[in-house]
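Count the sequence shown with the UniProt record's numbering and you get residues 1 to 138, in order.
Built from N, CA and C at the ideal position, the CB exists for glycine as well.
It should be emphasised that the depicted structure is a prediction, and the values quoted were computed from it without experimental measurement.
Everything below concerns the one structure shown next.
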Amino acid sequence: MRRRMLKSKIHRATVTGADLHDVGSVSIDPVLLEQADILPNEQVAVLDIDNGARFETYAIVGRPGEVCLNGAAARLVSPGDRVIIITYAEYEAAELEGYEPVVVHVDTANRPVPPDVVARVTADPRRYAEVVAGDLVA
């Protein structure tokens, strides 16, 4: 039996723009795309932490630090909103042994946060606030 599982996630990215008149998609920093194993034109789910919106679109390569919603999806977010960008994949049961999704945590400037900092910040849920740009030791 095949199961649809989380493949990768960019966690708590900051929306840098919303361009209603673009053709569609979400423009994402190329480093984040690579680290999250998301290909250009791959389907993604976008979850807006601030307003609860959930929608699907596709990823395109953006500029460094960019997470910009384009086209109709621009009506569902505002610059400054925090979002989670997710991809899913189908796996056979045998592939699930040792399965781990890729999770990329980012700071408020959409830069990847090193795993040791993520572990330190998330160890105490009360401290799980924003990792401020330029202050990766939170």
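In chain order, what residues of the same chain lie with their CB nearer than 7 Å to the CB of residue i, ignoring the 5 residues before and after it?
i	result
GLU42	TYR58, ALA59 and THR87
Report the three-state DSSP secondary structure of residue i (helix, strand or coil).
i	result
LEU96	helix
ASP22	coil
PRO79	coil
ARG120	helix
Between the beta-carbon of residue i and the beta-carbon of residue j, is there less than 8 Å?
i	j	result
ARG12	VAL106	yes
GLU66	THR16	yes
GLY62	ASP29	yes
ALA18	VAL77	yes
THR14	ARG111	no
Looking only at its chain, what residues have a beta carbon closer than 6 Å to the beta carbon of residue i, apart from the 5 residues adjacent to it on each side?
i	result
GLY24	ASN70 and GLY71
MET5	TYR91
With a CB to CB cut of under 8 Å and the five nearest residues on each side skipped, what residues in its chain are close to residue i?
i	result
SER8	ALA36, ASP37, ILE38, ILE86, THR87, PRO101, VAL102, VAL103 and VAL104
Could you check whether the Cβ of residue i sits closer than 8 Å to any Cβ belonging to chain D?
i	result
GLU100	Among the chains of the structure shown, chain D does not appear; only one protein chain is present.
Going by the C-beta, is residue i closer than 7 Å to any heavy atom of the ligand GDP?
i	result
ARG75	Questions concerning the ligand GDP fall outside what the structure shown contains, since it holds no ligand whatsoever.
Pair every Cβ in the stretch 93–102 with every Cβ in the stretch 46–66, then say whether three or more of these pairs are closer than 8 Å. no
Write down every uninterrupted run of the alpha helix (DSSP H) in the stretch 8–61 whose length is 4 residues or greater and which is fully enclosed by it, in chain order. 30–35
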